[in-house]
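Engineer: Residue numbers (UniProt numbering): 1 to 482.
Even for Gly, the Cβ is constructed at its ideal location relative to N, Cα and C.
On a predicted model such as this, the values are computed, not experimentally measured, just so you know.
I have a structure I would like to understand better, so I am pasting it below and will then ask my questions one at a time.
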Amino acid sequence: MANEENTVSANTIFHEKILETITQEELNLEEQGINIEALTIDETKKAKCLVEPEDSNIKKVTGDTIYQTAKRFEDLNLSRELLMGLYVEMNFKTPSKIQSVSLPMILSPPYKDLVAQAHNGSGKTACFVLGMLSRIDINLKAPQAICICPTRELAIQNLEVLTRMGKHTKITSISAVPTGKTGLRSDRAPICDQIVVGTPGTIKKWMSQNRFNARDIKMLVFDEADHMLAEDGFKDDSERIMNTLRKSSAHCLVLLFSATFNDTVKNFVSKMIKDGNQMFVKKEELSLESVKQFKVNCPDEAAKRQLIDKVLELGDRLGQIIIFVRTKKSAKTLHEALDSEGGWKCTNIHGDFDTDKRDEIVKEFKDGLTKVLIATDILARGFDQSQVNLVINYDLPTQYDCLKHNPSEPHYEVYLHRCGRAGRFGRKEAVLNLLCTDPATGTDSMMLMEKIERHFGVHVSQIPDHLSEEDLSAVLKEAGLL
DNA sequence: CGGACAC
């Protein structure tokens, strides 16, 4: 046990050394808005989570593998077709921080499991997409890599990235997401596509139907891995899939990616990934300092809606907006309230819509046909639309533990992920938190806000008057949005 | 609560 943990730590330390050798100039990431310093190993967390207290000799352990970081994509021994995809289709120039460090670990032997944490919008998707694409045996017409995502929307988005990046290769891929076409029992044909990107339910179904041979899978990727392995997330499904694949495939790598790993999940992960590479972001560096956040007190729900109307009145110069709500019901009612009066095209999305409708709403928003999208946490994670520069938390995200809603405890990870929907790749962004103390709901959002501020160590400035247009435009100007 | 399927 102790030895296994030593191995993990050794690898961790090695990466830290590698991190030290990279300079911001070398990677030229400043223009991409990426903070090099922020991606480092958290010593305190490591000691707490990965190393037993009595293991004082961890730092002397030398690992067996040194990975070179990739300053250019050419350093990665990628095929010409993949480089074309990166440069021509994706318009990539140099690897981002997470890419330069994690890609060599994914692409060069000895292949090891990987846990990688990096900020929202810092290029995680490209890491595992490139990882999957580059490990495919083109002559084997069968699934060889699987990527599991928490939502249908994210799976589709990831598959789109994969398709673009792999455009010049002959690699085939397929999405494993619910289609809505129920009862079509006939469709049990074997899956011959080489990469599968999907959601847990459908992938589980395909496996139980033996639609593909698990023996050929050599890479299993979990996007938003902390949620996929969380008790109140998809833990059971994920574990079942992982165990099945590891049992039938001798060398199935497991890759975990997310912007967040709370202590509970991190602990679980380090038990699960015994001999793997790990990269974590310092807790204090995973901050929201770069995100302009504001809070405004509203006496009631009607006042919240009025405020949103005011924001929308500020006009063309705002980009697209996502408004997060806690329940499906409030997504619907808020949409109805805004739609009737607002001049901007506004839609709402949640998991009760049928799949075609969901696809349509996402497409309209990504095409810029709709300005405002009201969403549940279905879009809290991963959703990538660069035109979004304002996130409004109509409700603050709250914890749900022991199968019970806990309205007094904020959900910090979800808050961070929601914020990450705006300001993609370092663009200007603002987050507007609508607070109201409504005794009827039993949720004191002001208290939730305070806890969030304390947790992330940030001060969220208060907008004095929720109905003052001057106040609103002032803060949006401050955030660089107007 | 929210997310995913099953049936």
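Count Cβ pairs between the region 319 to 326 and the region 110 to 119 that sit closer than 8 Å; are there 3 or more?
Structural biologist: No: fewer than three Cβ pairs fall under 8 Å.
Engineer: What are the start and end residues of the beta strand (DSSP E) that includes Gly-198?
Structural biologist: Locating residue 198 in the first sequence gives position 198, counting from the first residue. Where Gly-198 is concerned, the enclosing beta strand (DSSP E) stretches over 195 to 198.
Engineer: Can you list, in chain order, the residues of its chain with a C-beta nearer than 8 Å to that of Pro-268? Leave out the 5 residues immediately preceding and following it.
Structural biologist: Stepping through the first sequence from its first residue, residue 268 is reached at position 268. Per the sequence shown, the amino acid found at residue 268 is Phe instead of Pro. Cβ neighbours of Phe-268 beyond the five flanking positions: Leu-229.
Engineer: Kindly identify the DSSP beta-bridge partner or partners of Cys-147.
Structural biologist: Along the first sequence, one-based indexing puts residue 147 at 147. The partner list for Cys-147 (beta bridge, DSSP) reads Val-197 and Val-221.
Engineer: By how many angstroms is the C-alpha of Arg-188 removed from the C-alpha of Ala-479?
Structural biologist: Within the first sequence, residue 479 is the residue found at index 479, counting from 1. Within the first sequence, residue 188 is the residue found at index 188, counting from 1. Spanning the two alpha carbons is a distance of roughly 52 Å.
Engineer: Relative to the alpha-carbon of Pro-299, which residue among Met-446, Ser-287 and Leu-133 has its alpha-carbon at the smallest distance?
Structural biologist: Indexing the first sequence from 1 puts residue 299 at position 299. The candidate whose alpha carbon is nearest that of Pro-299 is Met-446.
Engineer: Suppose you measure from the CA of Leu-83 to the CA of Pro-464; what does that come to, to the nearest Å?
Structural biologist: Translated into the one-based positions of the first sequence, residue 83 becomes position 83. Translated into the one-based positions of the first sequence, residue 464 becomes position 464. Rounded to whole angstroms, Leu-83 to Pro-464 spans 51 Å at the Cα level.
Engineer: Quick check: the region 341 to 355 against the region 288 to 296, are there 3 or more CB pairs under 8 Å?
Structural biologist: The answer is no - the region 288 to 296 does not touch the region 341 to 355, with fewer than three Cβ pairs under 8 Å.
Engineer: Quick one: Cα of Lys-204 to Cα of Asp-237, how far?
Structural biologist: The sequence position of residue 204 within the first sequence is 204, counting from 1. The sequence position of residue 237 within the first sequence is 237, counting from 1. Cα-Cα distance, rounded: 8 Å.
Engineer: In whole angstroms, what separates the C-alpha of Glu-409 from that of Asp-359?
Structural biologist: Position 409 of the first sequence holds residue 409. Position 359 of the first sequence holds residue 359. Computed Cα separation, rounded: 33 Å.
Engineer: Taking the straight line between their C-alpha atoms, what separation do you get for Gln-68 and Asn-77?
Structural biologist: Taking the first residue of the first sequence as 1, we reach residue 68 at position 68. Taking the first residue of the first sequence as 1, we reach residue 77 at position 77. Each residue's Cα considered, the two are about 12 Å apart.
Engineer: With DSSP run on the structure shown, which of helix, strand or coil describes Tyr-394?
Structural biologist: The count along the first sequence starts at 1 and reaches residue 394 at position 394. Of the three classes helix, strand and coil, the one that applies to Tyr-394 here is coil, per DSSP.
Engineer: Would you check if the distance between the CB atom of Ala-375 and the CB atom of Ala-331 is smaller than 8 Å?
Structural biologist: If you number the first sequence from 1, residue 375 lands on position 375. If you number the first sequence from 1, residue 331 lands on position 331. For Ala-375 and Ala-331, yes; Cβs fall inside 8 Å.
Engineer: Among Asp-223, Gln-385 and Cys-436, whose alpha-carbon lies nearest the alpha-carbon of Ser-258?
Structural biologist: Taking the first sequence and counting its residues from 1, the one referred to as residue 258 is at position 258. Of the candidates Asp-223, Gln-385 and Cys-436, the one whose C-alpha sits nearest the C-alpha of Ser-258 is Asp-223.
Engineer: Cutting at 8 Å between CB atoms, please list the residues of its own chain near Ser-79, excluding the five before and the five after it.
Structural biologist: Your numbering for residue 79 matches position 79 in the first sequence. Cβ neighbours of Ser-79 beyond the five flanking positions: Ser-134 and Thr-169.
Engineer: Going by the C-beta, is Glu-470 closer than 7 Å to any heavy atom of the ligand SAM?
Structural biologist: With respect to the ligand SAM, the structure offers nothing, as it holds no ligand at all.
Engineer: Roughly how many angstroms lie between the CA atoms of His-227 and Leu-307, to the nearest whole one?
Structural biologist: Residue 227 sits at position 227 when you count from the first residue of the first sequence. Residue 307 sits at position 307 when you count from the first residue of the first sequence. His-227 and Leu-307: Cα-Cα distance of roughly 32 Å.
Engineer: Does the separation of the CB atoms of Glu-153 and Val-362 fall below 8 Å?
Structural biologist: Start at 1 with the first residue of the first sequence, and residue 153 comes out as number 153. Start at 1 with the first residue of the first sequence, and residue 362 comes out as number 362. Contact: yes.
Engineer: Can the beta-carbon of Arg-303 be found less than 8 Å from the beta-carbon of Asn-213?
Structural biologist: Start at 1 with the first residue of the first sequence, and residue 303 comes out as number 303. Start at 1 with the first residue of the first sequence, and residue 213 comes out as number 213. With the sequence shown as reference, residue 303 is identified as Ala, and Arg is not the correct amino acid for it. It is not a contact, given that the beta carbons lie outside the stated cut-off.
Engineer: Quick check on the burial criterion: 16 or more other C-beta atoms within 10 angstroms. Buried or exposed for Leu-50?
Structural biologist: Within the first sequence, numbered from 1, the residue matching residue 50 stands at position 50. Summary for Leu-50: the model assigns pLDDT 25, below 50, so the residue's position carries little reliability; its value from the coordinates is reported in the next sentence. Buried, by the Cβ-count rule.
Engineer: Could you tell me the boundaries of the beta strand (DSSP E) in which Ile-174 lies?
Structural biologist: What you label residue 174 is simply residue 174 of the first sequence in a count that begins at 1. First-last of the beta strand (DSSP E) with Ile-174: 173 to 176.
Engineer: What's the call for Leu-467, buried or exposed, on a 16-neighbour Cβ count within 10 Å?
Structural biologist: As a first step, residue 467 must be located in the first sequence, where it is residue number 467. Flag for Leu-467 reads exposed.
Engineer: Taking Ala-145 as the reference, give the member of Ser-208, Thr-94, Arg-215 and Leu-86 with the closest Cα.
Structural biologist: Position 145 of the first sequence holds residue 145. Answer by Cα proximity: Arg-215.
Engineer: Within this structure, are the beta carbons of residue 484 and Pro-178 separated by less than 8 Å?
Structural biologist: Lying before the first or after the last residue shown, residue 484 is absent from the chain, which here runs from 1 to 482.
Engineer: Which residues share a DSSP beta bridge with Cys-298?
Structural biologist: On the first sequence, position 298 is the one that residue 298 refers to. Cys-298 pairs with nothing; no bridge assigned.
Engineer: Under 8 Å by Cβ, that's how I've got Met-219 and Arg-164 pegged, so tell me the actual separation to the nearest angstrom.
Structural biologist: Here the question's residue 219 lines up with position 219 in the first sequence. Here the question's residue 164 lines up with position 164 in the first sequence. Going by Cβ atoms, the distance from Met-219 to Arg-164 rounds to 19 Å, so no, they are not a contact pair.
Engineer: DSSP three-state label for His-459, please.
Structural biologist: To locate residue 459, count along the first sequence from 1; it is residue 459. Looking at His-459 - three-state DSSP - the assignment turns out to be coil, as it is neither helix nor strand.
Engineer: Between which two residues does the alpha helix (DSSP H) containing Leu-130 stretch?
Structural biologist: Locating residue 130 in the first sequence gives position 130, where the first residue counts as 1. Here the alpha helix (DSSP H) through Leu-130 covers 124 to 134.
Engineer: Between which residues of its own chain and Gly-131 is the CB-CB distance below 6 Å, once the five residues before and five after are set aside?
Structural biologist: Within the first sequence, residue 131 is the residue found at index 131, counting from 1. Cβ within range, chain order: Ile-106.
Engineer: Closest to Val-391 by C-alpha separation, out of Ile-378, Leu-373 and Cys-149, would be which residue?
Structural biologist: Residue mapping note: residue 391 aligns to position 391 of the first sequence, counting from 1. Cα-wise, what sits closest to Val-391 is Leu-373.
Engineer: Need the endpoints of the beta strand (DSSP E) that Asp-113 sits in, please.
Structural biologist: Reading the first sequence from its first residue, position 113 is the one you call residue 113. Taken as a continuous stretch (DSSP letters only), the beta strand (DSSP E) holding Asp-113 covers 113 to 117.
Engineer: Could you check how far apart the C-beta atoms of Leu-245 and Ile-195 are, in whole angstroms? I think they sit under 8 Å.
Structural biologist: On the first sequence, position 245 is the one that residue 245 refers to. On the first sequence, position 195 is the one that residue 195 refers to. The pair is not a contact, with the Cβ atoms about 14 Å apart (cut-off 8 Å).
Engineer: Could you tell me the alpha carbon to alpha carbon distance between Cys-147 and Ile-98, rounded to whole angstroms?
Structural biologist: Indexing the first sequence from 1 puts residue 147 at position 147. Indexing the first sequence from 1 puts residue 98 at position 98. Going from the Cα of Cys-147 to the Cα of Ile-98 covers about 18 Å.
Engineer: Is it buried or exposed, residue 485, if we count other Cβ atoms within 10 angstroms and call 16 or more buried?
Structural biologist: A query on residue 485 cannot be resolved here, the shown segment of the chain reaching from 1 to 482 and no further.
Engineer: Could you check how far apart the C-beta atoms of Lys-112 and Asn-277 are, in whole angstroms? I think they sit under 8 Å.
Structural biologist: Here the question's residue 112 lines up with position 112 in the first sequence. Here the question's residue 277 lines up with position 277 in the first sequence. Between Asn-277 and Lys-112 the Cβ distance is about 5 Å, and since that is below 8 Å, they are a contact.
Engineer: Let me check understanding here. Comparing Cα to Cα, which of Asp-377, Gln-387 and Gly-382 lies closest to Glu-364?
Structural biologist: As a position in the first sequence, residue 364 is number 364, starting the count at 1. Of the candidates Asp-377, Gln-387 and Gly-382, the one whose C-alpha sits nearest the C-alpha of Glu-364 is Gln-387.
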